[in-house]
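Undergrad: The structure's right below; bear with me while I get my questions together.
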Amino acid sequence: MADTACDLFDCGHRACGGCGAALAARLVTQAAGTDTIVVSSTGCMEVFSTPYPETAWKVPWIHSLFENASAVASGIEAALKKQGRKEKIVIMAGDGATFDIGMICISGAFERGHDFTYICYDNEAYMNTGIQRSGATPYDASTTTSPAGKCSFGNKRPKKDMPQILAAHGAPYIATASIAYTADLMQKVQKAINTKGPCYIQVHAPCCTGWGFEGDQTLAVAKLAIETGLWVNYEMVDGKVVKVKKVVRKPVEEYLKTQKRFRHLFKPTRQDAEIAVIQAMADRNAEKYAIDIKLKKE
Amino acid sequence: MALAVGCRARPGKARDNKTGSWRVFKPVFDQEKCSKCGTCRTICPEGCISETAEEFFVPDYTYCKGCGLCAEECPKEAIGMKQEEK
Amino acid sequence: MLQMIEGSYAVAGAVKFCRPQVIAAYPITPQTHIVEALADFVANCELDAEYITVENEFSALSACIGASAAGSRTYSATTSQGLALMFEVCFNVAGMRLPIVMSIANRALGAPLSIWNDQQDSISLRDSGWLQFYAEDNQEATDLHYIAYRVAEESSVLLPAFVCFDGFILSHTYEPIDTLTQEDVDKYLPKFTPSERLDAADPISFGMYATPDYYHEFRYEMDRSLKESKAIIHTAGKEFGRMFGRDYSAMVEGYRLEDADTAIVAMGSICGTTKDAIDEMRDEGKKVGLLKVRVFRPFPTEDIAKALAHVKRVAVLDKNVSLGAKGALALEVKDALYSSGIPVKDYIIGLGGRDVRKKDIKAIVELAGKGQGDIFYGLRREVL
Numbered sequence: 240m241a242d243t244a245c246d247l248f249d250c251g252h253r254a255c256g257g258c259g260a261a262l263a264a265r266l267v268t269q270a271a272g273t274d275t276i277v278v279s280s281t282g283c284m285e286v287f288s289t290p291y292p293e294t295a296w297k298v299p300w301i302h303s304l305f306e307n308a309s310a311v312a313s314g315i316e317a318a319l320k321k322q323g324r325k326e327k328i329v330i331m332a333g334d335g336a337t338f339d340i341g342m343i344c345i346s347g348a349f350e351r352g353h354d355f356t357y358i359c360y361d362n363e364a365y366m367n368t369g370i371q372r373s374g375a376t377p378y379d380a381s382t383t384t385s386p387a388g389k390c391s392f393g394n395k396r397p398k399k400d401m402p403q404i405l406a407a408h409g410a411p412y413i414a415t416a417s418i419a420y421t422a423d424l425m426q427k428v429q430k431a432i433n434t435k436g437p438c439y440i441q442v443h444a445p446c447c448t449g450w451g452f453e454g455d456q457t458l459a460v461a462k463l464a465i466e467t468g469l470w471v472n473y474e475m476v477d478g479k480v481v482k483v484k485k486v487v488r489k490p491v492e493e494y495l496k497t498q499k500r501f502r503h504l505f506k507p508t509r510q511d512a513e514i515a516v517i518q519a520m521a522d523r524n525a526e527k528y529a530i531d532i533k534l535k536k537e
Numbered sequence: 279m280a281l282a283v284g285c286r287a288r289p290g291k292a293r294d295n296k297t298g299s300w301r302v303f304k305p306v307f308d309q310e311k312c313s314k315c316g317t318c319r320t321i322c323p324e325g326c327i328s329e330t331a332e333e334f335f336v337p338d339y340t341y342c343k344g345c346g347l348c349a350e351e352c353p354k355e356a357i358g359m360k361q362e363e364k
Numbered sequence: 164m165l166q167m168i169e170g171s172y173a174v175a176g177a178v179k180f181c182r183p184q185v186i187a188a189y190p191i192t193p194q195t196h197i198v199e200a201l202a203d204f205v206a207n208c209e210l211d212a213e214y215i216t217v218e219n220e221f222s223a224l225s226a227c228i229g230a231s232a233a234g235s236r237t238y239s240a241t242t243s244q245g246l247a248l249m250f251e252v253c254f255n256v257a258g259m260r261l262p263i264v265m266s267i268a269n270r271a272l273g274a275p276l277s278i279w280n281d282q283q284d285s286i287s288l289r290d291s292g293w294l295q296f297y298a299e300d301n302q303e304a305t306d307l308h309y310i311a312y313r314v315a316e317e318s319s320v321l322l323p324a325f326v327c328f329d330g331f332i333l334s335h336t337y338e339p340i341d342t343l344t345q346e347d348v349d350k351y352l353p354k355f356t357p358s359e360r361l362d363a364a365d366p367i368s369f370g371m372y373a374t375p376d377y378y379h380e381f382r383y384e385m386d387r388s389l390k391e392s393k394a395i396i397h398t399a400g401k402e403f404g405r406m407f408g409r410d411y412s413a414m415v416e417g418y419r420l421e422d423a424d425t426a427i428v429a430m431g432s433i434c435g436t437t438k439d440a441i442d443e444m445r446d447e448g449k450k451v452g453l454l455k456v457r458v459f460r461p462f463p464t465e466d467i468a469k470a471l472a473h474v475k476r477v478a479v480l481d482k483n484v485s486l487g488a489k490g491a492l493a494l495e496v497k498d499a500l501y502s503s504g505i506p507v508k509d510y511i512i513g514l515g516g517r518d519v520r521k522k523d524i525k526a527i528v529e530l531a532g533k534g535q536g537d538i539f540y541g542l543r544r545e546v547l
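Protein chains in written order, with this note's numbering: chain L, 240 to 537; chain C, 279 to 364; chain F, 164 to 547.
The following block contains the structure:
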């Protein structure tokens, strides 16, 4: 029949149609290859891929608990070292598992310098449990535990800067990526896997169910996040930013209005002050990472 | 089938779950317009689009959930979403 | 070889001979000497292991999960607060059927904070699916590690095991120990070769989730394996006896129990004190005996019922209390003796390192004789 080369993440998984995380799983495993052991934390990806006895993973895979993927990976790395084996270790954890409940384990594992690649699929909330707020939830996003309401504009805090935190741990290679740019993501995965030490890639994986948009818009939304400067794709080598994706920037409104989680900023009344705060965040990102393509004036 | 010690499994059984039954809309691929770029195969979250010997692309309707990402992302607009008769 | 050695170091030496490939541990009083000794062995190339200095106990046991699933023999040690922090992971290890062995230098649980001995920590995890061995003295503490690995790794068992020994009382006490040799242990404990492991050559998904259609049966299988491990414990213990002269085939051991009217049931180092007290009471003509429980999980229900069938009364010494109910050992002994009609009284004793003397044992036997029990023994009324 037809060629389904390199598909290490099988059909039949139970992700929502249009799921960003499912796409991330496919791309990451494809980039990593068969000689990989994947460690998942509890979350959407783990749940939609492994209801006993159905598993979508065609590489060796382990899930233990919500917060301990980094510690489990540390143990695997030690065992492989002792057994003289060469498989690469890739952790796939959501933002909740990474930014919040897994902080202690990640910090310890990165501090000890284990050789693995940590991939955070960032859908910016606890999606599997019903769209609750995490440390990765952006400012003013409405979630079920930071809902927009008569006296709230939603999540009150900006996204935690995980890449910087892990850079401070001395991680040799850190990148942000997006499912919108598949070749870039896969290249970064390969770079991380082939860099000795604890590497981190944060992959933006928009969630149609949680963010409130149609499943066929997943990649369009992901692109807009980057084009508005609210998500920056960059690479850090030994803590220094070395490469940044530059854009011709669009106003944040173009991104915000595509998603129901930001609808309260537009309906019933337009919240100019809040949108301005978010624009300022994008502007700060643009300055910090120098993402603006300077258009030549004719 | 005996219960696997420790709740483990080898690959394969995910395919028992025919997610094509979830579909409302079905992608229809127009080979005339296809430029063989492979974008659809790359971005399908199911991984159910495969390449034929002639380098065109076909979805596996047993698993296609009809999300429409392929139709949305195809640079040649060669994929259209049609409501399926059930 | 007979060595005068601190309990912790004897245990570390035993672990060394078990050849764990990965050790992940976090320091906590009174386990520290064990993990320090092991670090020393590794640093001096006496033990070829990866030693992960984790950032907390939760990560220690989690790292062991990864290493064990990847096919390596692993080890950790903890107590009290550390074990409590591992609570979630303990259930996970057992459910994933990974034969990790962990030393527990038993210590009281806070609050209030206490660094001193009782058995609340390991007992509070009796539901978790881990085998639980309790050492009377440091010789047992040492030997039980070999037996624990051997039983845990048996393909029909594949469940993790605690080797419990009383913190400070045993861990920090010097006793003469017959320490065996590496060659001895290699003959007793074969290499760990699990039939399934994380391996690119044969991809398997570990730790999937189970819907209501399957979960019940997974738990049944665990319970069945744990109960059937009794036979494996017997065989492994007998083999140990055959090779090294100390038989561990029995999960319970009677001391002067055959003609006893009153039986004391206890676990751990308190058994040593109890034996001395029994000798003195016997000299006074009292027909008292001890049933030492060396394996708490799987619970040796049948063996206890059989051993105590002839006695008139049972006094259970519990270095733990299920607050709001009774001591855990007493409740389970009662279950074992249910149809016998033999009265069982519970004495909560020695909590938080409160010293237990021979006179306390004798006082308890007196109380039991009067049918008085189900109490916190020895309350200091003046501070209440």
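Even for Gly, the Cβ is constructed at its ideal location relative to N, Cα and C.
Identify which residue in F:487, F:452, F:541 has its Cα closest to the Cα of residue 587 of chain F.
TA: No information on residue 587 of chain F is available, as it lies outside the stretch 164 to 547 that chain F covers here.
Undergrad: Note down the Cα distance separating residue 364 of chain L from residue 376 of chain L, rounded to an integer number of angstroms.
TA: Taking the first residue of the first sequence as 1, we reach residue 364 of chain L at position 125. Taking the first residue of the first sequence as 1, we reach residue 376 of chain L at position 137. Using only the alpha carbons, I get a separation of about 6 angstroms.
Undergrad: List the residues of chain L whose Cβ lies closer than 7 angstroms to the Cβ of residue 213 of chain F, in chain order.
TA: In the third sequence, counting from the first residue as 1, residue 213 of chain F sits at position 50. Under the 7 angstroms cutoff, chain L gives 317, 320, 321.
Undergrad: Under DSSP, the alpha helix (DSSP H) around residue 474 of chain F begins and ends at which residues?
TA: Within the third sequence, the letter at position 311 stands for residue 474 of chain F. Here residue 474 of chain F belongs to no alpha helix (DSSP H), and DSSP marks it neither H nor E.
Undergrad: Could you pull the start and end residues of the beta strand (DSSP E) that residue 455 of chain L belongs to?
TA: One-based indexing of the first sequence puts residue 455 of chain L at position 216. Premise fails: residue 455 of chain L is in no beta strand (DSSP E) and is neither H nor E.
Undergrad: For chain C, check one thing: does any of its Cβ atoms lie closer than 8 angstroms to the Cβ of residue 291 of chain F?
TA: Locating residue 291 of chain F in the third sequence gives position 128, where the first residue counts as 1. Chain C, which has no Cβ nearer than 8 angstroms to the Cβ of residue 291 of chain F, makes this no.
Undergrad: Let me confirm a value: residue 446 of chain F is counted as buried when at least 16 other C-beta atoms fall within 10 Å, else exposed. Which label applies?
TA: Stepping through the third sequence from its first residue, residue 446 of chain F is reached at position 283. Under this definition residue 446 of chain F is an exposed residue.
Undergrad: Grab me the residues of residue 552 of chain L's own chain with a C-beta within less than 6 angstroms of its C-beta, minus the 5 sequence neighbours each way, in chain order.
TA: Any answer about residue 552 of chain L is impossible in this case: the structure gives chain L only from 240 up to 537.
Undergrad: How would you list, in chain order, the residues of chain F whose beta-carbon sits under 8 angstroms from the beta-carbon of residue 460 of chain L?
TA: Here the question's residue 460 of chain L lines up with position 221 in the first sequence. By Cβ distance, chain F contributes nothing, its closest Cβ being about 29 angstroms from residue 460 of chain L, past 8 angstroms.
Undergrad: The beta strand (DSSP E) that contains residue 293 of chain F, what's its start and end?
TA: Mapped onto the third sequence, residue 293 of chain F falls at position 130. Run containing residue 293 of chain F: none; DSSP gives neither H nor E here.
Undergrad: On the criterion of 16 or more Cβ atoms from any shown chain inside 10 Å, does residue 475 of chain L qualify as buried, or is it exposed?
TA: Here the question's residue 475 of chain L lines up with position 236 in the first sequence. So residue 475 of chain L ends up on the buried side.
Undergrad: In the DSSP assignment, the beta strand (DSSP E) including residue 339 of chain F goes from what residue to what residue?
TA: Counting from 1 along the third sequence, the entry for residue 339 of chain F is found at position 176. First-last of the beta strand (DSSP E) with residue 339 of chain F: 337-341.
Undergrad: Can residue 538 of chain L and residue 372 of chain F be called in contact, C-beta distance under 8 angstroms?
TA: The question about residue 538 of chain L has no answer, for chain L in this structure spans 240 to 537.
Undergrad: Pull up the CB-CB distance for residue 351 of chain F and residue 296 of chain F, whole angstroms please, since I reckon it's below 8 angstroms.
TA: Residue numbering aside, residue 351 of chain F sits at position 188 when the third sequence is read from its first letter. Residue numbering aside, residue 296 of chain F sits at position 133 when the third sequence is read from its first letter. Not quite, the Cβ-Cβ distance comes to about 16 angstroms (not below 8 angstroms), so this is no contact.
Undergrad: Does the region 454-472 of chain L come into contact with the region 419-426 of chain L, if we say contact requires no fewer than three beta-carbon pairs (one atom in each stretch) closer than 8 angstroms?
TA: yes
Undergrad: Give me the DSSP bridge partner(s) of residue 372 of chain F.
TA: Counted from its first residue, the third sequence places residue 372 of chain F at position 209. For residue 372 of chain F, which the question treats as bridged, DSSP gives the partners L:290.
Undergrad: Just curious, the beta strand (DSSP E) that residue 206 of chain F is in, first and last residue?
TA: Walking along the third sequence from the start, residue 206 of chain F turns up at place 43. Note, residue 206 of chain F: premise wrong, no beta strand (DSSP E); alpha helix (DSSP H) at 195-206.
Undergrad: DSSP state of residue 429 of chain L, grouped into three classes?
TA: In the first sequence, the residue the question calls residue 429 of chain L occupies position 190. Residue 429 of chain L: helix per DSSP, three-state reduction.
Undergrad: Can you give me the Cβ contacts of residue 433 of chain F inside the same chain, cut-off strictly under 6 angstroms, excluding the 5 residues immediately before and after it?
TA: Working through the third sequence from its first residue, we reach residue 433 of chain F at position 270. Same-chain partners within the cutoff: 480, 519.
Undergrad: How would you list, in chain order, the residues of chain F whose beta-carbon sits under 9 angstroms from the beta-carbon of residue 283 of chain L?
TA: Along the first sequence, read from residue 1 onward, the residue named residue 283 of chain L stands at position 44. Those within 9 angstroms of residue 283 of chain L in chain F number zero; the least Cβ separation is about 12 angstroms.
Undergrad: Out of L:512, L:346, L:292, which has the shortest C-alpha to C-alpha gap to residue 402 of chain L?
TA: To locate residue 402 of chain L, count along the first sequence from 1; it is residue 163. Of the candidates L:512, L:346, L:292, the one whose C-alpha sits nearest the C-alpha of residue 402 of chain L is L:346.
Undergrad: Would you check if the distance between the CB atom of residue 440 of chain L and the CB atom of residue 327 of chain L is smaller than 8 angstroms?
TA: Counting from one through the first sequence, the residue named residue 440 of chain L turns up at place 201. Counting from one through the first sequence, the residue named residue 327 of chain L turns up at place 88. It is not a contact, given that the beta carbons lie outside the stated cut-off.
Undergrad: Checking contacts by CB at 8 angstroms: is residue 263 of chain F closer than that to chain L?
TA: Counting from 1 along the third sequence, the entry for residue 263 of chain F is found at position 100. It does not; no Cβ of chain L falls within 8 angstroms.
Undergrad: Give a yes or no on whether the minimum CB-CB distance between residue 253 of chain L and chain F is below 8 angstroms.
TA: In the first sequence, residue 253 of chain L corresponds to position 14, counting from 1. It does not; no Cβ of chain F falls within 8 angstroms.
Undergrad: Are the CB atoms of residue 334 of chain L and residue 280 of chain L within a distance shorter than 8 angstroms?
TA: The residue labelled residue 280 of chain L in the question sits at position 41 within the first sequence. The residue labelled residue 334 of chain L in the question sits at position 95 within the first sequence. No. Outside cutoff.
Undergrad: Decide if residue 356 of chain F is buried, meaning its Cβ has at least 16 other Cβ atoms within 10 Å, or exposed.
TA: For the purposes of this step, residue 356 of chain F is identified with residue 193 of the third sequence, where counting begins at 1. Label assigned to residue 356 of chain F: exposed.
Undergrad: Thinking C-alpha only, which one of L:251, L:255, L:519 is nearest residue 450 of chain L?
TA: The residue labelled residue 450 of chain L in the question sits at position 211 within the first sequence. Looking at the Cα atoms, L:255 is the closest of the given residues.
Undergrad: Would you decide whether residue 395 of chain F is buried or exposed? Buried here means 16 or more other CB atoms lie within 10 Å of its CB.
TA: If you number the third sequence from 1, residue 395 of chain F lands on position 232. By the neighbour-count criterion, in which a residue is buried when 16 or more other Cβ atoms sit within 10 angstroms of its Cβ, residue 395 of chain F is buried.
Undergrad: Could you list which residues in chain F have their beta carbon closer than 8 angstroms to that of residue 281 of chain C, in chain order?
TA: Here residue 281 of chain C is taken as the residue at index 3 of the second sequence, counted from 1. Correct list: 377, 380, 381, 384.
Undergrad: In chain order, which alpha helix (DSSP H) runs of at least 4 residues are fully inside the region 360-407 of chain F?
TA: 378-407
Undergrad: Less than 8 angstroms between the CB atoms is what I'm expecting for residue 298 of chain L and residue 363 of chain F, so what's the real figure, rounded?
TA: Mapped onto the first sequence, residue 298 of chain L falls at position 59. Mapped onto the third sequence, residue 363 of chain F falls at position 200. That pair is a contact at about 7 angstroms.
Undergrad: Checking 8 angstroms against the spacing of the C-beta atoms, do residue 366 of chain F and residue 316 of chain F come in under that value?
TA: Locating residue 366 of chain F in the third sequence gives position 203, counting from the first residue. Locating residue 316 of chain F in the third sequence gives position 153, counting from the first residue. The answer is no: Cβ separation not under 8 angstroms.
Undergrad: Helix or strand or just coil, what does DSSP make of residue 301 of chain F?
TA: The sequence position of residue 301 of chain F within the third sequence is 138, counting from 1. It is helical.
Undergrad: Please state whether DSSP places residue 282 of chain L in a helix, a strand or coil.
TA: Here the question's residue 282 of chain L lines up with position 43 in the first sequence. It is coil, neither helix nor strand.
Undergrad: Ends of the alpha helix (DSSP H) at residue 436 of chain F?
TA: Residue mapping note: residue 436 of chain F aligns to position 273 of the third sequence, counting from 1. Run containing residue 436 of chain F: 433-446, per the alpha helix (DSSP H) assignment.
Undergrad: Does any residue of chain L bring its CB to less than 8 angstroms from the CB of residue 299 of chain C?
TA: As a first step, residue 299 of chain C must be located in the second sequence, where it is residue number 21. Chain L, which has no Cβ nearer than 8 angstroms to the Cβ of residue 299 of chain C, makes this no.
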